[in-house]
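If you read the sequence shown in this note's numbering, its first letter stands for residue 1, the second for the next number, and so on.
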Amino acid sequence: MKKSPLAVLALVGALAVGCAQEARTAAGRSEKQTAEAYVVALNKKDVDALVKLGTPGYKDAEKDAEELVAADGGRGLKTENIRMSHDFGPDVVSARITGTDKEGETFALDLPMSRDDDTWVITLGEAPGFGRDGKESSSAKKPSA
């Protein structure tokens, strides 16, 4: 059976795209790897490991990581399921992590993540210069008449 040149080109193009996507994932940390590393860091109460999962250079990331460890650290979390939801586009995900802790109690954690180049990062701290654009924040107050 003779293959058409167009079919061969389509196959080569599809393979090239697939290889390029695999290479990008291999270069950074995937969504699932980030979620799994998050649970490991919580179990070890490892603030530094949590900070490394965040976006480099964000201020107050360590403070946020300390709060996460205080809330859920050292619980012996065993992950049973990680479900990803891309409700806000391909570069933002909410990971729903469920399982049990060392006491056998069920848990559910929601972990917002975003893509930073080819690496998925958790939301910790805030970007340098955040809020310094000279604009006032919006208000929930009703305008006076």
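Even glycine gets a Cβ: it sits at the ideal position worked out from N, Cα and C.
- Between the C-alpha atoms of HIS86 and ASP64 there is a straight-line separation of about 23 Å.
- In the DSSP annotation of this structure, the continuous segment of the alpha helix (DSSP H) that includes LYS44 starts and ends at 31 to 44.
- Going by DSSP, LYS63 is part of no beta strand (DSSP E) but of the alpha helix (DSSP H) stretching over 61 to 72.
- GLU126 is bridged by DSSP to LYS59.
- In the DSSP assignment, LYS78 is bridged to THR100.
- Spatial neighbours of ALA61 in its own chain (CB-CB distance under 7 Å, excluding positions within 5 residues in sequence) are listed in chain order as VAL51, GLY54, LEU124, GLY125.
- For ASP48, the enclosing alpha helix (DSSP H) starts and ends at 47 to 53.
- Just so you know, the alpha carbons of TYR58 and ASP48 end up roughly 14 Å apart.
- Of the candidates LYS32, GLY76, VAL39, ARG83, GLY76 places its Cα closest to the Cα of GLY104.
- ASP118 carries a coil assignment under DSSP once its states are collapsed to helix, strand and coil.
- Judged by their CB atoms, ALA127 and MET113 are not nearer to each other than the 8 Å cut-off.
- By the Cβ-count criterion, ALA35 is buried, with 16 or more other Cβ atoms from all chains shown falling within 10 Å of its own Cβ.
- Residue nearest to ASP101 within the set ARG83, LEU42, ASP110 is LEU42 (criterion: CA-CA distance).
- For ASP117, the CB contacts under 7 Å within the same chain, skipping 5 residues up- and downstream, are GLY28 in chain order.
- Approximately 19 Å separates the beta-carbon atoms of ILE97 and THR119; this is outside 8 Å, ruling out the contact.
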